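Colleague:
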Amino acid sequence: MLFKAQAQLPHSVTRGDFKVWYATQGEHALARQEDTDGNGVPDRVDDLLTQLEAANRFYSEVLALTPPLAQPRYARAEVINVYVLAMQRGNGLAFHEVVQERPARRAAAGPCGLRMYVNRSLSPSHNLTPAHELFHLYQYGYAMFKRAWYLEGMARLAETAFAGPARLQRHVAGATGQPRCEDVWQESYSAVRFWWGLGADDGSDDVPIPAELRALRYHDGSAVFGVERFQRGNIVKPVLEQLRQRSEVLAGQHGLAPYRWPSRMQANALFDPEICGAVEDAL
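Going left to right, the sequence shown walks through residues 312 to 594 as the working numbering numbers them.
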């Protein structure tokens, strides 16, 4: 993030692994700034942190995934900086690099961290973009691949842990049989149809949502987790673990540092069959 933009976000709140930066005036001002509980933090920021912390707990404690800040790739990172911005496109973005931010040109540098952007107009109680983007940071921590059908398709599957699979109907309705892996290589979010099809229909791959997490609420009273189980959730960890192994092997084969692949290599379609092979090995 450019220092000039960060200087326009004078407020910050830190909870757990996350530091949220936001503004109440100017171009990047929060679209809604109510503070109904009087804690000095706008409800939208509270709700953003509620979703991020709940998602982080679910991914790390329930799915038993390694959090981004605990991954060897991100050994230098101490925090996940979340910038609430006026975005021209989309609701969020997660970056794979570790960076050291400065709030202004001559200001002291902060600790190294990961970055995430969230749209200033986003309402966390109605939008799962923060949890979606956090899942990308988990994916980046496991493997170097940046193929849209893998990143977006699997992250869209992760969203169903919070809101159930109804949102997937336009992608999976009417499907006859499991799509082949190569069928979705040119897709993005719609590739969730492949990831959804990997799990069992009998519930044996479902992951229950603990009661403690199901009790979490946003300021409007709505539940952070609107379902009791994450359908197909048991496929996530073995797939990511296999992708880690495949990523390490390919780095050696191509003479690449394990965590320093050129951007064009990370997004290279050459690795689509390798990702598919890792999925097959995992399941």
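Ideal placement from N, C-alpha and C gives every residue a C-beta, glycine not left out.
All figures in this text were calculated on a predicted structure; none of them were measured in a lab.
Work out the CA separation of residue 552 and residue 593 for me, nearest whole Å.
Modeller: Here residue 593 corresponds to residue number 282 of the sequence shown, with the count starting at 1. Here residue 552 corresponds to residue number 241 of the sequence shown, with the count starting at 1. Their backbone Cα atoms lie some 8 Å apart in a straight line.
Colleague: What is the rounded straight-line gap between the Cα of residue 516 and the Cα of residue 335?
Modeller: In the sequence shown, residue 516 corresponds to position 205, counting from 1. In the sequence shown, residue 335 corresponds to position 24, counting from 1. Taking the straight line from one Cα to the other gives about 44 Å.
Colleague: Under 8 Å by Cβ, that's how I've got residue 503 and residue 464 pegged, so tell me the actual separation to the nearest angstrom.
Modeller: Here residue 503 refers to the residue found at position 192 of the sequence shown. Here residue 464 refers to the residue found at position 153 of the sequence shown. So it is a contact: roughly 5 Å between Cβ atoms.
Colleague: Label residue 328 either buried or exposed according to how many other C-beta atoms from any shown protein chain fall within 10 Å of its C-beta, with 16 as the threshold for buried.
Modeller: One-based indexing of the sequence shown puts residue 328 at position 17. Counting Cβ neighbours within 10 Å, residue 328 comes out buried, since at least 16 surround it.
Colleague: Have a look at the DSSP bridge pairing and note the partners of residue 430.
Modeller: The sequence position of residue 430 within the sequence shown is 119, counting from 1. According to DSSP, residue 430 bridges with 396.
Colleague: Looking at the strands, I want to know which residues DSSP matches up with residue 534.
Modeller: The residue given as residue 534 occupies position 223 in the sequence shown. BP columns for residue 534 point to 528.
Colleague: Return the Cβ separation of residue 455 and residue 577 in integer angstroms, given the expectation that the two are a contact with Cβ distance under 8 Å.
Modeller: As a first step, residue 455 is located in the sequence shown; it is residue number 144 there, counting from the start. As a first step, residue 577 is located in the sequence shown; it is residue number 266 there, counting from the start. With a Cβ gap of about 5 Å, residue 455 and residue 577 count as contacting.
Colleague: Within 10 Å of its beta-carbon, does residue 472 have 16 or more other beta-carbons around it, so buried, or fewer, so exposed?
Modeller: On the sequence shown, residue 472 is found 161 positions in, with the first residue counted as 1. By the 10 Å Cβ count, residue 472 comes out buried.
Colleague: Would you please state the rounded distance, in angstroms, between the beta carbons of residue 431 and residue 341? I believe it to be under 8 Å.
Modeller: Here residue 431 refers to the residue found at position 120 of the sequence shown. Here residue 341 refers to the residue found at position 30 of the sequence shown. At roughly 6 Å, the Cβ-Cβ gap stays under 8 Å, so residue 431 and residue 341 are in contact.
Colleague: Nearest CA to the CA of residue 449: which residue from 554, 491, 490?
Modeller: For the purposes of this step, residue 449 is identified with residue 138 of the sequence shown, where counting begins at 1. Taking only the C-alpha atoms, the option nearest residue 449 is 554.
Colleague: Between the alpha carbons of residue 479 and residue 419, how many angstroms are there, rounded?
Modeller: As a position in the sequence shown, residue 479 is number 168, starting the count at 1. As a position in the sequence shown, residue 419 is number 108, starting the count at 1. The alpha-carbon atoms of residue 479 and residue 419 are separated by roughly 46 Å.
Colleague: Run through the segment 421-498 for me and flag every whole beta strand (DSSP E) of 3 or more residues, listed as ranges in chain order.
Modeller: Counting only runs of 3 or more, we get 423-430.
Colleague: May I ask you to report which of helix, strand or coil DSSP gives residue 575?
Modeller: Walking along the sequence shown from the start, residue 575 turns up at place 264. In this structure, residue 575 counts as helix in the three-state DSSP scheme.
Colleague: Spatial neighbours of residue 518 within its chain, please: CB distance less than 7 Å, with the 5 preceding and 5 following residues excluded, ordered by chain position.
Modeller: Here residue 518 refers to the residue found at position 207 of the sequence shown. Only 373, 374, 540, 541, 544, 545 meet the Cβ criterion.
Colleague: When you compare the CB positions of residue 331 and residue 393, do they come within less than 8 Å of one another, or not?
Modeller: Position 20 of the sequence shown, counted from the start, is the residue given in the question as residue 331. Position 82 of the sequence shown, counted from the start, is the residue given in the question as residue 393. Cβ atoms of residue 331 and residue 393: closer than 8 Å.
Colleague: Distance, Cα to Cα, residue 530 vs residue 386?
Modeller: By 1-based counting over the sequence shown, the position of residue 530 is 219. By 1-based counting over the sequence shown, the position of residue 386 is 75. Going from the Cα of residue 530 to the Cα of residue 386 covers about 35 Å.
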